[in-house]
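If you read the protein sequences in the order shown, they are chains A and B.
As numbered in our numbering, residues 1 to 251 make up the first sequence, in order.
As numbered in our numbering, residues 1 to 123 make up the second sequence, in order.
Built from N, CA and C at the ideal position, the CB exists for glycine as well.
Before any comments, here is the structure.
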Amino acid sequence: CTSIIAEDEKGRMFHARNLDFGLFLGWDIKHSTWIVNRALKPLVLNLDFQKRNKTVFKGVTFAGYVGMLTGIKSNIFTLSMNERYSLDGGFMGILEWIFGVNSSWVGFLMRSVLENATSYKEVKKELVETKLIAPAYFILGGKSGEACVITRTREDSMDVWELDVKQGMWYLLETNYDHWNQPMFLDDRRTPAMKCMNRITQKNISLPTLYDVLSTKPVLNKLTTYTALMSVDDGTLETYLRDCPNPCMPW
Amino acid sequence: RAQDIPPYTEDCRTGTYPPTGPTFKGNASWYTINLDLPPEERWNKVIKDKKKEIVNLMQVIKDLVEAFDPTGQVIRLVDYKLPILLDSLPYPFNEEIQGIADASGLPVGEVIFYNIFYELSCL
Chain A
1 CTSIIAEDEK
11 GRMFHARNLD
21 FGLFLGWDIK
31 HSTWIVNRAL
41 KPLVLNLDFQ
51 KRNKTVFKGV
61 TFAGYVGMLT
71 GIKSNIFTLS
81 MNERYSLDGG
91 FMGILEWIFG
101 VNSSWVGFLM
111 RSVLENATSY
121 KEVKKELVET
131 KLIAPAYFIL
141 GGKSGEACVI
151 TRTREDSMDV
161 WELDVKQGMW
171 YLLETNYDHW
181 NQPMFLDDRR
191 TPAMKCMNRI
201 TQKNISLPTL
211 YDVLSTKPVL
221 NKLTTYTALM
231 SVDDGTLETY
241 LRDCPNPCMP
251 W
Chain B
1 RAQDIPPYTE
11 DCRTGTYPPT
21 GPTFKGNASW
31 YTINLDLPPE
41 ERWNKVIKDK
51 KKEIVNLMQV
61 IKDLVEAFDP
71 TGQVIRLVDY
81 KLPILLDSLP
91 YPFNEEIQGI
101 ADASGLPVGE
111 VIFYNIFYEL
121 SCL
């Protein structure tokens, strides 16, 4: 996955993500793609969660999956999650959960905060402090000046990386590696994505230019299921199903 | 233009929005989930429209699992043991999952498996 939060010179916040899924889950030779990834695409949905006919939040999910991996609460926050690889991963978390350890499922926690939280600070606190069954990166954006990437182990938060526009850090970009380490050489989507972001500059950042970044290979790759674009200020959520015709990296 | 191995040299794309062309496969469709409904009824419309695709995905996953476990033990574990966990899942997700299983005709264990797939895939 690749998630980006950026703030333009007028203080507008944009949040965009590619959801990549299905690595090593069967290769379809005929269509030159991953089998599970191909089966998932028709299930991608935009959802408008309502109470008393009023929107509470909007999100992107797969039909049949009740959690959320991407979502927006208009005028309050935007949220996405990227997978974090760890030896102390979800399998151990599930075993502990079966034996009674009180931990949260990542997709369920995201939906809960989208449904119930009323401020950026509240969401951040919950994502930092709640015990999880699997490690993850949470990419959270709010209003001007509010954005962070939370690096989570199952137990606690390893790092909270904050947006700092005054210091020239006008965007945060997270793939599937801790931001203080180099990504794996064979899976470096961070460098090309940052190259494109730096070329666009803060002055020209917008949802269309973020779509450009997420359309550049290998940020776009054979695992990319959808691209979602969000703008917290006006509640925009747009989701596009993606394909990556050859030549294209398998991840 | 794109290389198959790093370092990557494809130029940054520009002018790709609004999406068109071979990398764009369509818009995600919109559905409303009414949170005032009982949890087991909230997803009925979605499942009615997407039942075929969900069943197809589960079959794809089952085929993959069977390639590694031809005896079918893992699938039996999912179908017969996972449902025990349903009541331990947090409300309202447990009841929504039950509703999805009822509407799709899939075994509840397979719907649970699908809903905890992120955690399982972290293995």
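Check	Outcome
Beta-carbon separation of V100(B) and L89(B) under 8 Å?	According to the sequence provided, residue 100(B) is Ile. The question's Val does not apply to it. It is not a contact, given that the beta carbons lie outside the stated cut-off.
Reducing DSSP to helix, strand and coil, say where A2(B) ends up.	At A2(B), the pLDDT of 43 sits below 50, so the modelled position is not reliable and the matter cannot be decided from this model.
Can you tell me which of the three DSSP states G235(A) falls into?	coil
Hey, quick one: how far does the alpha helix (DSSP H) through Y171(A) stretch, first residue to last?	Counting along the chain, Y171(A) falls outside any alpha helix (DSSP H), though it belongs to the beta strand (DSSP E) covering 171-174.
What distance in whole Å lies between the Cβ atoms of Y114(B) and Y65(A), which are believed to be in contact at a cut-off of 8 Å?	6 Å
Does the stretch 41-50 of chain B come close enough to the stretch 234-244 of chain A that 3 or more CB-CB pairs lie under 8 Å?	no
Please report the distance separating the alpha-carbon of R84(A) from that of A193(A).	18 Å
Starting from the C-beta of G11(A), find all residues in its chain whose C-beta is less than 7 Å away, skip the five residues before and the five after it, and write them out in chain order.	S144
Select from L69(A), L214(A), A117(A), T224(A) the residue whose C-alpha is nearest the C-alpha of G15(B).	L214(A)
Do the stretch 200-211 of chain A and the stretch 10-27 of chain B make contact, defined as three or more Cβ pairs closer than 8 Å?	yes
Quick check on V123(A): buried or exposed, where buried means 16 or more other Cβ atoms within 10 Å of its Cβ?	buried
Apart from the five residues just before and just after L64(B), which ones in its own chain have a Cβ nearer than 7 Å to its Cβ?	none
For L127(A), report the span of its alpha helix (DSSP H) as first-last.	120-129
How about K51(B) and S104(B): do their beta carbons lie closer than 8 Å?	yes
Measure the alpha-carbon distance for L140(A) versus T71(B) and round it to whole angstroms.	44 Å
Straight-line CA distance for K121(A) to E162(A)?	13 Å
Provide the residue(s) that pair with W34(A) in DSSP beta bridges, ordered along the chain.	W27(A)
What did DSSP end up calling Y17(B) once you bin it into helix, strand or coil?	coil
Helix, strand or coil for D48(A), going by three-state DSSP, please let me know.	strand
Please report the residue range of the beta strand (DSSP E) in which S29(B) lies.	29-34
Leaving out five residues before and five after C248(A) in sequence, what residues of the same chain have Cβ atoms less than 7 Å from its Cβ?	K217, N221, K222
Under a Cβ-count criterion, where at least 16 other Cβ atoms within 10 Å of its own Cβ denotes burial, should M184(A) be classed as buried or exposed?	exposed
Which residues bound the alpha helix (DSSP H) around G107(A)?	106-116
Does the structure place the stretch 1-18 of chain A close enough to the stretch 167-179 of chain A that three or more beta carbon pairs sit under 8 Å?	yes
Using a Cβ-Cβ cutoff of less than 7 Å, which residues in the same chain neighbour Q202(A) once the five nearest sequence positions on both sides are dropped?	D8, E9, W170
Are the CB atoms of N37(A) and F21(A) nearer to each other than 8 Å?	yes
Relative to the C-alpha of L186(A), which residue among V165(A), V219(A), W180(A) is closest?	V219(A)
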